[in-house]
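First up is the structure itself, then whatever we jot down about it.
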């Protein structure tokens, strides 16, 4: 638990020897490993659908967008009442119906996520880092794993919250 917490502040992410991808949480590594194995354990829960996914969030997005009547993505251009099940369809609508200028304007008006502005939870923001984090900055990161090591030894370097 402490290892994951420290990694959140130090930014340290052990590299997976197979492809070089880095993850600070074991669950993210396991999900990524499915891209190499082709495993898709999350099956769509609708009987007539045969789709399967490597992670639960992709399955949930599929079920909400494909098998639902809700259309949460609404066009924000004045006097337009169109809405869509997924954001890519809304983007396509705005570009083709309202034009590229309207699309760029809609992008500019969208609120960016706080971490995209500041770079990190504490970096470049008006929030100063807590004293615990300041003292942790002097902690040296754990040594890098040997690229020849097996997946099991890499997996053992994780401690989950």
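Numbering (UniProt numbering), first residue to last: 1 to 161. C-beta: ideal position from N, C-alpha, C; glycine also.
Are the CB atoms of residue 52 and residue 43 nearer to each other than 8 Å?
Taking the C-beta atoms as reference points, residue 43 is found nearer than 8 Å to residue 52.
Go through its chain and collect everything with a Cβ distance to residue 74's Cβ below 6 Å, but skip five positions before and after it.
83
Cβ neighbour criterion (16 or more within 10 Å) applied to residue 90:
buried
Have a look at the DSSP bridge pairing and note the partners of residue 83.
74
Could you tell me whether the Cβ atoms of residue 94 and residue 106 are closer together than 8 Å?
Closer than 8 Å, so yes.
With the cut-off set at 8 Å, would you say residue 85 and residue 68 are in Cβ contact?
yes
Tell whether a beta-carbon distance below 8 Å holds between residue 54 and residue 70.
no
Burial state of residue 19, where buried means 16 or more other Cβ atoms lie within 10 Å:
exposed
What residue from 64, 102, 65, 59 has the CA that sits closest to residue 76's CA?
Ranking 64, 102, 65, 59 by Cα distance to residue 76 puts 102 first.
Rounding to the nearest angstrom, what Cα-Cα distance links residue 49 and residue 64 in this structure?
Roughly 13 Å separates the two Cα atoms.
Counterpart residues of residue 43 in DSSP-defined beta bridges
52, per the DSSP bridge assignment.
Quick one: what does DSSP say residue 95 is sitting in, helix, strand or coil?
helix
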